[in-house]
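A.B. asks: Numbering (UniProt numbering), first residue to last: 1 to 616.
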Amino acid sequence: MGSLWIDYGVFGLLLLASISVSIWSKLSGPKEKTKADYVFAQNNVSMGAMILSIARGFLGVRVFLGYPSELYYRGSEMWETLYGMVLAFPIVLYFFVPVYFNLGVTSVYQYLDMRFKSRFVRRLASGTYLFRSLLNLGVTVFTPCVALKTVLGSPYSLSIIAITSISIVFTVLGGLRSAITADVVQCVVMLACSCIMIMQGLYEAEGPANVYRVNRRRHRLDFFNWDLDPTERVTTISALLGQLFMSVSLYGCQQNFVQRYCSMGSFKRVAQTLWANVPVMAALFSLNWLVGMVIFYLYADCDPKKIGYISDNDEILPFYVEDKLYILPGFLGLLMASMFNGTLSFLVSCLNSMASVLWEDFVSQIPAMKSVPESSQLVVMKACGIVCGLFVMGIAFVVAHMSGLVEASQLMTSATTGPLLGVFILAMFCPSANWKGAVAGMIVSHVVILWIAIGSLLVKEPPRDLPTSIEGCSNMTFGPHIPLYHQSALLPLINDSNHLIDQFEEGSKIRQLNNVVNDMSVIHFIYRISYMYYAMMGTLLTVVVGLLVSCFASCTSDEEFEYNEKLLHPLALKLSSLCGGRNKRCYSTEATPNPMHSINTISEHGINGYREKPPV
Numbered sequence: 001m002g003s004l005w006i007d008y009g010v011f012g013l014l015l016l017a018s019i020s021v022s023i024w025s026k027l028s029g030p031k032e033k034t035k036a037d038y039v040f041a042q043n044n045v046s047m048g049a050m051i052l053s054i055a056r057g058f059l060g061v062r063v064f065l066g067y068p069s070e071l072y073y074r075g076s077e078m079w080e081t082l083y084g085m086v087l088a089f090p091i092v093l094y095f096f097v098p099v100y101f102n103l104g105v106t107s108v109y110q111y112l113d114m115r116f117k118s119r120f121v122r123r124l125a126s127g128t129y130l131f132r133s134l135l136n137l138g139v140t141v142f143t144p145c146v147a148l149k150t151v152l153g154s155p156y157s158l159s160i161i162a163i164t165s166i167s168i169v170f171t172v173l174g175g176l177r178s179a180i181t182a183d184v185v186q187c188v189v190m191l192a193c194s195c196i197m198i199m200q201g202l203y204e205a206e207g208p209a210n211v212y213r214v215n216r217r218r219h220r221l222d223f224f225n226w227d228l229d230p231t232e233r234v235t236t237i238s239a240l241l242g243q244l245f246m247s248v249s250l251y252g253c254q255q256n257f258v259q260r261y262c263s264m265g266s267f268k269r270v271a272q273t274l275w276a277n278v279p280v281m282a283a284l285f286s287l288n289w290l291v292g293m294v295i296f297y298l299y300a301d302c303d304p305k306k307i308g309y310i311s312d313n314d315e316i317l318p319f320y321v322e323d324k325l326y327i328l329p330g331f332l333g334l335l336m337a338s339m340f341n342g343t344l345s346f347l348v349s350c351l352n353s354m355a356s357v358l359w360e361d362f363v364s365q366i367p368a369m370k371s372v373p374e375s376s377q378l379v380v381m382k383a384c385g386i387v388c389g390l391f392v393m394g395i396a397f398v399v400a401h402m403s404g405l406v407e408a409s410q411l412m413t414s415a416t417t418g419p420l421l422g423v424f425i426l427a428m429f430c431p432s433a434n435w436k437g438a439v440a441g442m443i444v445s446h447v448v449i450l451w452i453a454i455g456s457l458l459v460k461e462p463p464r465d466l467p468t469s470i471e472g473c474s475n476m477t478f479g480p481h482i483p484l485y486h487q488s489a490l491l492p493l494i495n496d497s498n499h500l501i502d503q504f505e506e507g508s509k510i511r512q513l514n515n516v517v518n519d520m521s522v523i524h525f526i527y528r529i530s531y532m533y534y535a536m537m538g539t540l541l542t543v544v545v546g547l548l549v550s551c552f553a554s555c556t557s558d559e560e561f562e563y564n565e566k567l568l569h570p571l572a573l574k575l576s577s578l579c580g581g582r583n584k585r586c587y588s589t590e591a592t593p594n595p596m597h598s599i600n601t602i603s604e605h606g607i608n609g610y611r612e613k614p615p616v
């Protein structure tokens with residue numbers, strides 16, 4: 001009981017520290033007077049903080065809990081998604097950031113409006129982002145609540161209200177600055193927790209060589225699977241291609257990341273930050289897998305799930321902390337605080353971005369809101385953040401009572417990642433694309449990928465776990481405060497475990513037999529395609545359909561046929577000038593840019609600060 005109170009104390013102190021740091025950052029920094037200050041943090045965030053914030057944006061609580069259990073029960077296949085993440089950074093830097101960096105847009109979806117001269121395209125993209133974000137955030141908020149209830153006894157309702165309420169306060173207080181501060185604090189705490197768990201595991205394993213040997217021998221470190229079968233859950237090819245498209249969409253087309261790029265003072269700073277993120281992301285990402293390796297070494301011959309200590313794969317990390325790190329009073333509270341703050345920082349970041357999108361793409365377009373002064377716009381934008389936070393709270397309560405919403409969130413993410421990337425590719429790299437093609441491409445891609453994702457739930461079996469053993473279970477396996485099991489009670493389980501290991505040796509034959517028995521019609525084959533390919537398929541569908549529709553449904557007026565050439569990537573502009581045929585006509589621009597990198601440098605459908613010539 002005494003140790004539990006220490007955990008409560010550490011949890012409360014760390015939460016208080018996180019809140020205090022954000023408040024201090026708000027009070028010590030320059031005052032936000034306009035919505036640009038709120039959205040872009042007045043362009044004075046340090047590069048180190050921005051690096052950690054961008055890296056932290058992808059490594060959420062589900063990564064912190066999920067990857068160690070993924071390695072223990074399914075191996076290192078998902079570890080290879082790191083290849084796609086790393087390759088995404090230079091692609092985003094050199095192909096996406098140059099286009100809208102100097103536009104100063106509050107919402108990244110304003111760019112689509114400027115390029116296609118269509119509010120419908122803009123609202124379709126931003127509405128997709130908002131809907132997907134609300135579902136994902138509801139699931140994200142609920143994730144640590146499960147662990148907090150299991151370990152600290154905190155009711156779901158209390159945890160949900162606490163997380164969302166504090167996030168709303170942070171959003172109102174500090175905008176992007178508060179979000180970045182929360183990211184940095186959480187990143188440091190997560191790093192400390194991971195390092196402590198790894199060091200404790202290496203100490204008990206008597207060195208990393210033993211950890212590597214056991215993981216390698218038990219098939220937990222099987223890399224470079226070049227199987228071309230698209231129905232395999234994860235291979236090296238699907239991890240590389242699938243994660244590449246997902247990461248480019250995330251880092252290159254999502255509001256919360258583009259907002260960070262535009263908050264930096266120069267393209268050089270953006271380049272330095274993104275290149276520095278490559279090793280930082282690789283290190284932080286791999287730490288979670290190293291935690292999984294030491295956990296597998298310690299429980300390689302005694303699976304806690306098989307003997308009833310835990311009921312779900314994701315519970316193995318908290319169990320490891322409770323079992324092996326009881327010698328560090330308060331560490332369990334530190335871990336729970338890390339998960340709580342992780343959700344908190346992610347929610348603050350997303351609420352800030354969602355408030356910007358909701359205001360700029362929807363609320364500000366209401367006639368009554370067009371005359372609102374700049375100072376009042378900031379107030380309304382913060383109110384938008386509060387509304388989004390309340391919606392997230394409601395969805396989290398629904399998730400607590402309806403598990404199907406978790407699957408709905410995952411389906412929405414799969415169905416929308418590709419179309420969003422595809423429409424930005426059409427805008428930046430396809431001079432002949434118009435708004436009709438963009439709308440058609442997005443709608444067709446959404447429908448097709450969502451259809452495949454829903455169908456996959458009907459024909460796919462749950463992911464198959466690798467075999468685990470309980471042959472080494474004894475009264476000395478776990479810590480002194482873990483309930484004891486009698487060895488005689490484990491004998492039937494041990495026999496079942498040995499049988500499963502024998503089955504694993506014949507795994508390839510079983511899979512081949514299942515492929516013959518199952519209905520392998522074209523529709524069923526499509527449904528069985530790995531979700532790792534959904535983003536790539538959605539992107540290609542959007543681009544192909546968008547180009548075809550643009551060719552057959554030309555613009556009805558010269559005004560729709562023209563746009564500022566600065567809205568295209570320079571490479572696409574050069575290539576289009578070399579190609580024959582009917583290309584989109586652009587306004588030519590002289591190199592007299594406005595030196596001020598500000599939100600005021602754009603108009604609704606053009607770029608101010610450039611002297612435009614009449615269309616040719």
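Every residue gets a Cβ at the ideal spot worked out from N, C-alpha and C, and that includes glycine.
Bear in mind that the values here come from a model prediction, so they are computed numbers and not experimental data.
Count the other CB atoms, across all protein chains shown, that sit within 10 Å of the CB of residue 618; report buried if there are 16 or more and exposed otherwise.
C.D. replies: Outside the displayed range of the chain (1 to 616) lies residue 618, so it cannot be described from this structure.
A.B. asks: Under a three-way DSSP split, which group does Y109 fall into?
C.D. replies: The count along the sequence shown starts at 1 and reaches residue 109 at position 109. Looking at Y109 - three-state DSSP - the assignment turns out to be coil, as it is neither helix nor strand.
A.B. asks: To the nearest angstrom, how far is the alpha carbon of Y533 from that of H446?
C.D. replies: For the purposes of this step, residue 533 is identified with residue 533 of the sequence shown, where counting begins at 1. For the purposes of this step, residue 446 is identified with residue 446 of the sequence shown, where counting begins at 1. Going by the C-alpha atoms only, they are around 14 Å apart.
A.B. asks: Counting Cβ pairs closer than 8 Å, one from the segment 329-343 and one from the segment 297-313, do we hit at least three?
C.D. replies: No: fewer than three Cβ pairs fall under 8 Å.
A.B. asks: Report buried or exposed for A400, applying the criterion of at least 16 other Cβ atoms within 10 angstroms of its Cβ.
C.D. replies: The sequence position of residue 400 within the sequence shown is 400, counting from 1. Classification for A400: buried.
A.B. asks: Under 8 Å: do the segment 354-361 and the segment 142-151 share three or more Cβ pairs, one atom per stretch?
C.D. replies: No, the segment 354-361 is not in contact with the segment 142-151.
A.B. asks: Given that a residue counts as buried once 16 or more other Cβ atoms are within 10 Å of its Cβ, and exposed if not, what is W79?
C.D. replies: Position 79 of the sequence shown holds residue 79. Buried, by the Cβ-count rule.
A.B. asks: Could you tell me the alpha carbon to alpha carbon distance between G66 and L573, rounded to whole angstroms?
C.D. replies: In the sequence shown, residue 66 corresponds to position 66, counting from 1. In the sequence shown, residue 573 corresponds to position 573, counting from 1. So the two alpha carbons sit approximately 43 Å from each other.
A.B. asks: Compute the Euclidean distance between the alpha carbons of E232 and K382, then round it to the nearest angstrom.
C.D. replies: As a position in the sequence shown, residue 232 is number 232, starting the count at 1. As a position in the sequence shown, residue 382 is number 382, starting the count at 1. Those two C-alpha atoms are separated by around 45 Å.
A.B. asks: What are the complete alpha helix (DSSP H) segments, minimum 4 residues, inside the segment 200-287?
C.D. replies: Fully enclosed alpha helix (DSSP H) runs of 4 or longer: 208-217, 236-253 and 255-262.
A.B. asks: Cβ atoms of L426 and A433: under 7 Å apart, would you say?
C.D. replies: In the sequence shown, the residue the question calls residue 433 occupies position 433. In the sequence shown, the residue the question calls residue 426 occupies position 426. In contact: A433 and L426 (Cβ atoms closer than 7 Å).
A.B. asks: Out of C302, T468 and M442, which has the shortest C-alpha to C-alpha gap to R123?
C.D. replies: The residue given as residue 123 occupies position 123 in the sequence shown. Nearest of C302, T468 and M442 to R123, Cα basis: M442.
A.B. asks: In or out: R464 buried (at least 16 other Cβ within 10 Å) or exposed?
C.D. replies: As a first step, residue 464 must be located in the sequence shown, where it is residue number 464. Its Cβ having fewer than 16 others within 10 Å, R464 is exposed.
A.B. asks: On the criterion of 16 or more Cβ atoms from any shown chain inside 10 Å, does C350 qualify as buried, or is it exposed?
C.D. replies: Here residue 350 refers to the residue found at position 350 of the sequence shown. It counts as buried.
A.B. asks: Between A396 and G12, which are expected to be in contact by the criterion C-beta below 8 Å, what is the C-beta distance as a whole number of angstroms?
C.D. replies: As a first step, residue 396 is located in the sequence shown; it is residue number 396 there, counting from the start. As a first step, residue 12 is located in the sequence shown; it is residue number 12 there, counting from the start. About 22 Å separates the two Cβ atoms, so there is no contact after all.
A.B. asks: Go through the segment 521-564 residue by residue and report every complete run of the beta strand (DSSP E) that reaches 3 residues or more, in order.
C.D. replies: DSSP runs (the beta strand (DSSP E)) wholly in the segment 521-564: 562-564.
A.B. asks: So, with DSSP's three-state summary, where would you put R464?
C.D. replies: Position 464 of the sequence shown, counted from the start, is the residue given in the question as residue 464. Coil at R464, not helix or strand.
A.B. asks: Decide if C551 is buried, meaning its Cβ has at least 16 other Cβ atoms within 10 Å, or exposed.
C.D. replies: Start at 1 with the first residue of the sequence shown, and residue 551 comes out as number 551. C551 comes out exposed.
A.B. asks: Just checking, does the segment 237-244 make contact with the segment 524-543 on the three C-beta pairs under 8 Å criterion?
C.D. replies: They touch, by the three-pair rule.
A.B. asks: Using 8 Å for Cβ pairs, my map puts M50 next to I180. What's the rounded Cβ distance?
C.D. replies: Sequence index remark: in the sequence shown, residue 50 carries index 50 (1-based). Sequence index remark: in the sequence shown, residue 180 carries index 180 (1-based). Right, the Cβ-Cβ distance comes to about 7 Å (below 8 Å), so this counts as a contact.
A.B. asks: Which of helix, strand or coil does DSSP assign to residue 641?
C.D. replies: Examination of residue 641 is not possible in this model, given that the chain is present from 1 through 616 alone.
A.B. asks: Report yes or no: do three or more beta-carbon pairs, one from the segment 285-302 and one from the segment 194-205, lie closer than 8 Å?
C.D. replies: Segments in contact, yes.
A.B. asks: Buried or exposed for R511, please, with buried defined as at least 16 other CB atoms from any protein chain shown within 10 angstroms of its CB.
C.D. replies: Here residue 511 corresponds to residue number 511 of the sequence shown, with the count starting at 1. Confidence at R511 is low in this model, with a pLDDT of 46, below 50, so the placement of that residue is unreliable and no value is reported for it.
A.B. asks: With H, G and I counted as helix, E and B as strand and the rest as coil, what does DSSP make of C473?
C.D. replies: Here residue 473 refers to the residue found at position 473 of the sequence shown. C473 falls in the coil class under three-state DSSP.
A.B. asks: Quick one, which of V549, R220 and N352 has its alpha-carbon nearest I168's?
C.D. replies: Here residue 168 refers to the residue found at position 168 of the sequence shown. Nearest option by C-alpha distance: N352.
A.B. asks: Would you mind reading off the limits of the alpha helix (DSSP H) that contains A49?
C.D. replies: As a working note, residue 49 is residue 49 in the sequence shown. Counting along the chain, the alpha helix (DSSP H) containing A49 begins and ends at M47 to R56.
A.B. asks: May I ask you to report which of helix, strand or coil DSSP gives Y326?
C.D. replies: What you label residue 326 is simply residue 326 of the sequence shown in a count that begins at 1. Residue state, collapsed to three classes: coil.
A.B. asks: Give a yes or no on contact between the segment 107-120 and the segment 316-327, applying the rule of three or more CB pairs nearer than 8 Å.
C.D. replies: These segments do not touch.
A.B. asks: Kindly indicate which three-state DSSP category L500 falls into: helix, strand or coil?
C.D. replies: Counted from its first residue, the sequence shown places residue 500 at position 500. Residue placement at L500 cannot be trusted, given a pLDDT of 45 that sits under 50; what the coordinates show is reported in the next sentence. Helix at L500.
A.B. asks: Quick check on the DSSP output: the alpha helix (DSSP H) that includes Q377 runs from which residue to which?
C.D. replies: Taking the first residue of the sequence shown as position 1, residue 377 is located at position 377. First-last of the alpha helix (DSSP H) with Q377: E374 to H401.
A.B. asks: Taking the Cβ atom as the reference point for each residue, do D229 and I482 lie within a distance shorter than 7 Å?
C.D. replies: Translated into positions along the sequence shown, residue 229 becomes position 229. Translated into positions along the sequence shown, residue 482 becomes position 482. Contact flag unset, no.
A.B. asks: Can you list, in chain order, the residues of its chain whose CB lies under 6 Å from that of V45, leaving out five sequence neighbours each side?
C.D. replies: Looking up residue 45 in the sequence shown gives position 45. The residues are I180.
A.B. asks: What's the C-alpha gap between Y72 and G292?
C.D. replies: Position 72 of the sequence shown, counted from the start, is the residue given in the question as residue 72. Position 292 of the sequence shown, counted from the start, is the residue given in the question as residue 292. Looking at the two C-alpha atoms, the distance is approximately 6 Å.
A.B. asks: Rounded to the nearest angstrom, what separates V258 and Y320 at their Cα positions?
C.D. replies: On the sequence shown, position 258 is the one that residue 258 refers to. On the sequence shown, position 320 is the one that residue 320 refers to. Cα to Cα, the separation comes out at about 38 Å.
A.B. asks: CB-CB under 8 Å to P98, same chain, minus the five flanking residues each way: which ones, in chain order?
C.D. replies: Here residue 98 refers to the residue found at position 98 of the sequence shown. Within the same chain, P98 has close Cβ partners F267, H569 and P570.
A.B. asks: Is L59 helix, strand or coil when you go by DSSP?
C.D. replies: Numbered from 1 along the sequence shown, position 59 holds the residue referred to as residue 59. Note: L59 maps to coil in three-state DSSP.
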